[in-house]
Every structure is written in structure tokens, then in C-alpha cells.
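Step one of this worksheet: look at the structure below.
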Amino acid sequence: MDFPANNLLDWYDTQKRDLPWRGEKNPYYIWLSEVILQQTRVEQGWDYYVNFVQAFPTVRDLATAPQDKVLRLWQGLGYYSRARNLQSAAQYIEAHCGGIFPNRYTDLLKLKGVGNYTAAAVASIAFGEAVAAVDGNVYRVLSRFFRVSTAIDSTEGKKQFQHLADKVLDKNRAGDFNQAMMELGATVCLPKKPLCTACPLMSACQGYLHKDFLNFPNKTPKKAVKNRYFHVFVLQADDKIAVTLRQNKDIWHGLYTYPLQELDLENFNAPKLNTLETHGFVLQKTETPKPHLLTHQKLHFVFYFFAGEKIADIFDNMIWKEQKNLKNLPFPRPFLPFLGE
DNA sequence: AATTCGGGGAC
DNA sequence: GTCCCAGAATT
43 MDFPANNLLD WYDTQKRDLP WRGEKNPYYI WLSEVILQQT RVEQGWDYYV NFVQAFPTVR
103 DLATAPQDKV LRLWQGLGYY SRARNLQSAA QYIEAHCGGI FPNRYTDLLK LKGVGNYTAA
163 AVASIAFGEA VAAVDGNVYR VLSRFFRVST AIDSTEGKKQ FQHLADKVLD KNRAGDFNQA
223 MMELGATVCL PKKPLCTACP LMSACQGYLH KDFLNFPNKT PKKAVKNRYF HVFVLQADDK
283 IAVTLRQNKD IWHGLYTYPL QELDLENFNA PKLNTLETHG FVLQKTETPK PHLLTHQKLH
343 FVFYFFAGEK IADIFDNMIW KEQKNLKNLP FPRPFLPFLG E
């Protein structure tokens with residue numbers, strides 16, 4: 043399987059969009075455009091690029107500007123650490139590179155906010171270095187063309203697609219080739235409705251020939267958020283509080299929590315507490331607090347408070363700890379203040 | 001390996 | 001609502 047790089051470049055030469063940074067060779071301007079366009083659509087970044095070039099015509103202008111002026115120009119674009127890293131890198135170039143923009147991939151990588159993609163883009167477009175710039179567009183084009191199923195957000199996938207992109211790269215026109223791949227992904231090889239009949243790679247695209255291009259690219263499946271429901275018992279005897287040690291293979295493993303019982307949704311909303319009530323202790327039920335969000339779990343709680351000297355007698359397997367030693371309970375912080383009551 | 005950082009457009 | 005965008009830094 044060989045990649046028709048010439049078809050792609052011919053298409054790019056005649057069909058490429060006219061963008062503010064097209065044909066630009068100044069590495070500073072290329073870098074500026076690439077950082078602005080990180081996770082950002084061309085239409086959204088367009089005016090920001092124009093404004094930045096006008097406000098800071100040179101690296102030194104950017105390096106010496108007051109930070110709030112930089113951030114103000116960035117306002118509304120999002121990912122604001124990009125703006126801070128941008129100026130930090132400009133100051134680094136002034137202080138440690140004699141004001142000369144780094145001209146190799148490995149040196150560009152040293153700049154804050156410049157990762158694999160941006161270093162490759164600047165090195166290839168401004169200096170003609172033969173390194174493939176792999177962004178979201180390139181993942182899509184390559185995975186469809188070669189029908190590569192490896193997840194693009196996995197460590198293996200990133201390595202594999204970088205190798206593949208470097209292999210198909212036209213080393214005589216590295217900058218144009220990288221831009222052509224991205225241009226194709228942005229205007230033809232679209233995520234939902236690719237315009238295959240207008241694609242210069244159509245006749246050799248494996249995804250098109252197998253009619254399964256929409257199965258690519260592949261991503262690691264993201265786990266669904268699971269709802270879990272707990273009754274939480276705050277048992278207080280004298281100045282001691284009952285806790286239990288969490289077992290492994292679940293949240294808070296190895297940590298102490300209040301005794302709690304996990305229920306399904308139905309029982310969570312209609313609790314049965316006959317056993318506890320017959321012992322004559324006063325039960326105080328809180329309102330259901332706001333759910334606590336973990337990475338892939340949403341935890342719902344109802345808290346019950348008991349107090350009484352003999353309460354320790356009716357519970358087994360509890361560890362009683364001094365109340366003052368319970369500052370590090372692995373519970374949602376908003377609930378901890380109840381401990382002091 | 002998983003998470004965070006953002007605003008916006010397409011569907 | 002979901003997905004994606006010319007990704008990188010942090011944990």
C-alpha cells in the first residue's frame with residue numbers, strides 16, 4: 043500500500059484555502075498560528091492571529107509586553123495557559139537563544155506549550171525539516187486510508203500514527219505535505235460526512251474501498267458514569283465516632299469511612315430503619331446532599347446521625363475513633379463539618 | 001494512563 | 001444533549 047502523496051500535493055496546490063498564515067515562512071508567525079490553532083478551528087482563531095501579529099510583530103515585542111496585554115488579546119479563545127506559555131517561550135528565546143528562533147524540531151520542543159505536533163509543524167513549514175505533524179485531521183485521514191484501528195488517544199496509537207505519518211511524508215515538501223494532510227482532514231475527510239468523491243486519495247483509500255471509513259478513527263471507549271447510592275451512618279458515643287476500614291477493589295480502599303450501606307435506587311429513596319429505631323435512639327436524617335462526582339461514578343448520600351452512650355453496644359465490627367482524630371476521612375469535604383456537631 | 005483546560009460550531 | 005476542533009501539561 044503506497045500513499046499517493048503527489049495526488050495530495052496537487053490537490054493542495056489548487057484547492058487550499060486562503061488563510062492569513064498561508065505562505066508564511068517566518069517561524070515566529072508560524073509558531074503563533076500553530077499555538078492559536080491548538081484544539082481551535084481556523085475560523086475561530088483567524089482574527090486572533092491577525093490581532094497578535096499586529097500587536098506583537100516580533101518575538102521581542104511579545105517577550106517584553108505586559109502579561110495582561112497578552113491575556114487581553116487572548117480573551118475569549120480559551121485554554122489560557124497557551125497565552126502564558128506563549129509569552130514565556132518568547133522570553134526564553136530572547137534570553138537563551140539570542141533572540142533567534144529555534145530552527146530544529148528537538149529545540150522547538152523545549153519551548154513551553156510546544157509539543158510534538160507544534161514542533162513538527164514549525165520545523166517543517168518554516169524550515170523544511172522532514173518531520174510529520176500529526177494532529178486530529180491527520181489521525182482521521184491516515185486511520186481511514188490505511189484502516190488502522192489502533193486507538194488514536196492511546197500511547198501505542200500515537201506512536202504508530204507518528205511512524206505512519208513520517209513514512210508517507212514527502213520529505214522534499216514536508217511543510218506543504220503536512221498542511222495538505224490537515225487541509226484535507228479539515229475540508230474533505232470530515233468526521234461525520236466525508237466528501238469522498240472530492241478526495242484526491244479516493245481511489246487508494248482503503249476505508250473508502252471497504253465502505254467502512256466511518257469506523258475510523260478509533261478512540262478508547264470512555265467509561266459511562268455509574269450512579270451509586272449510600273446510606274451513611276454517623277454514630278457518636280461520648281466523643282468517639284464509628285468508622286470502618288474500606289476493602290480493596292473499590293473506592294477509598296485502604297481508607298476509613300463512616301459505616302455506610304450501598305443500596306439500589308429504590309431502597310435508597312425508601313429506607314427501612316426498623317432495627318435501629320427499636321433501640322430507642324434518636325435518629326436525625328439530613329436532606330439528601332448534592333451528589334458527589336468522581337471520575338466515573340456519581341455518589342449519592344443520605345446521612346443519618348445517632349448519638350447516645352450505649353450505641354456502641356448494638357453495632358459490630360466498628361472501629362471507634364476519637365472525634366478529634368477524624369480530620370482525614372475520605373469523604374466529600376462538604377460533609378465533614380457535620381462531624382463537629 | 002487519565003485528567004484538565006474552553007469556547008464554539010455541527011448535528 | 002454529543003462530538004470535535006491544525007494539543008500540551010500535569011498528576
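In this text, residue positions in the first sequence follow the working numbering: the first is 43, and each later residue adds one. Note that the Cβ used here is the ideal one computed from N, Cα and C, for glycine as well.
Counting only the Cα atoms, residue 179 lies some 8 Å from residue 226. As the crow flies, the alpha-carbon of residue 63 is around 21 Å from that of residue 153. DSSP lists 282 as the bridge partner or partners of residue 364. The C-beta of residue 210 has 16 or more other C-beta atoms within 10 Å across all chains shown, which makes the residue buried. According to the DSSP secondary-structure assignment, residue 273 is paired through a beta bridge with 303, 344. In this structure, the CA atom of residue 256 is about 15 Å from the CA atom of residue 228.
By the Cβ neighbour-count rule, residue 142 is exposed, with fewer than 16 other Cβ atoms within 10 Å of its own.
Judged by pairs of C-beta atoms under 8 Å, the stretch 143 to 152 does not touch the stretch 116 to 126, as fewer than three such pairs exist. Considering only 156, 47, 166, 140, the residue with the shortest C-alpha distance to residue 77 is 156. From the listed residues 215, 258, 216, the smallest Cα separation to residue 234 is found for 258.
At a Cβ-Cβ threshold of 7 Å, residue 274 and residue 361 do not count as neighbours. The distance from the Cβ of residue 69 to that of residue 183 is about 25 Å, inconsistent with a contact at the 8 Å cut-off. Pairing residue 220 with residue 175 gives a Cβ-Cβ distance under 7 Å. A Cβ-Cβ separation of about 6 Å places residue 300 in contact with residue 276 under the 8 Å criterion. Secondary structure at residue 237: coil, using DSSP grouped into helix, strand and coil. Spatial neighbours of residue 159 in its own chain (CB-CB distance under 7 Å, excluding positions within 5 residues in sequence) are listed in chain order as 175, 176, 177. Residues of the same chain with a CB within less than 8 Å of the CB of residue 58, apart from the 5 flanking positions on each side, are 64, 221, 222, 225 in chain order.
A Cβ-Cβ distance of about 19 Å is found for the pair residue 173 and residue 131, leaving them out of contact under the 8 Å criterion.
Bounds of the alpha helix (DSSP H) holding residue 223 are 216 to 229. C-alpha of residue 79 to C-alpha of residue 344: approximately 46 Å in a straight line. For residue 125, the secondary structure class from DSSP, reduced to helix, strand or coil, is helix. According to the DSSP assignment, residue 77 belongs to the alpha helix (DSSP H) that extends over 69 to 78. Secondary-structure assignment with DSSP links residue 298 through a beta bridge to 287. Judged by beta-carbon spacing, residue 48 lies beyond the 7 Å limit of residue 242, meaning their Cβ atoms are not closer than that value. The straight-line gap separating the alpha-carbon atoms of residue 195 and residue 264 is approximately 11 Å. Put simply, the backbone Cα of residue 111 is about 33 Å away from that of residue 218. In the three-state reduction of the DSSP assignment, residue 349 falls in the strand class, which pools E and B. With distances taken between CA atoms, residue 100 lies nearest to 133 out of 109, 133, 340, 84. Boundaries of the alpha helix (DSSP H) around residue 116: 109 to 116.
Take the alpha-carbon of residue 341 and the one of residue 71: they are about 48 Å apart. Per DSSP, residue 196 lies in no alpha helix (DSSP H) segment and is marked neither H nor E.
Excluding its 5 nearest sequence neighbours in each direction, residue 171 has C-beta neighbours in its own chain below 6 Å: 147, 165, listed in chain order. Around the beta-carbon of residue 83, fewer than 16 other beta-carbon atoms lie within 10 Å, marking it exposed.
Judged by DSSP in its simplified three-state form, residue 179 adopts helix. Following the DSSP letters along the chain, one finds residue 64 in no alpha helix (DSSP H), marked with neither H nor E. Per DSSP, the unbroken alpha helix (DSSP H) holding residue 86 starts and ends at 84 to 97.
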